[in-house]
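Asks: Below are the structure tokens for one structure; questions will follow.
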Amino acid sequence: MLPPRRHPALPDTGLLIGRLAVGAVFVAHGWQKLADEGHGAVARTFDHLGIPLPGLAAVYGTWVELLGGLALIAGVLVPLAGVLIALDMAGAFWYVHMGKGLFNQEGGYEYVLILGAVCLLFAFTGAGRFSVDSVLWGRRREPAPERRSVPA
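Here the sequence shown is numbered in the numbering used here, starting from 2 and rising by one per residue.
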């Protein structure tokens, strides 16, 4: 049996810090696609990269990054946001970075790999207690294991 945690809020604090940092990155990328380039320019870039259905992919990528990033920051619908963003990063890996090696400086996939993996981490673990999800849905508590006394 594991001993009780001395600081039970630490894992939730770690999730909060991670969600804020990763969410900010995705909001910035989504906003850049929307405000600086627009769907048409993003679609043309995606078409040049050989991404199927570039117009639809541009809309998906823009809005999943922007709204998914905001969802991570707020901690709302984090499992859904995490999966959708991870799929976005899987597309970036497959169509843009896969053949260029690991290192980002060479156009490789290390950045999208880490972002996608962290988003799956959020999807699988949830947002933690410092989130809108926790306020709306509450924390699922597992029943405490029964303690059996050992006969003397």
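From the three backbone atoms N, C-alpha and C, an ideal C-beta is built for every residue, glycine too.
Could you please give the first and the last residue of the uninterrupted alpha helix (DSSP H) stretch that includes D134?
Replies: V133 to W138
Asks: Mark R20 as exposed unless 16 or more other C-beta atoms lie within 10 angstroms of its C-beta, in which case mark it buried.
Replies: buried
Asks: Can you grab the Cα-Cα spacing for the pair L67 / D89, in whole Å?
Replies: 12 Å
Asks: Would the C-beta of F94 count as close to the ligand MN, meaning under 7 Å from any of its heavy atoms?
Replies: What this structure holds is no ligand at all, so the ligand MN is not there to describe.
Asks: Report the start-end ranges of each alpha helix (DSSP H) in the stretch 5-79 that is 4 residues or longer and not cut off at the edges.
Replies: 11-32, 39-49 and 55-75
Asks: Of the choices P4, G102 and A10, whose alpha-carbon is the least far from that of S132?
Replies: A10
Asks: Indicate the three-state DSSP secondary structure (helix, strand or coil) for A87 in the structure shown.
Replies: helix
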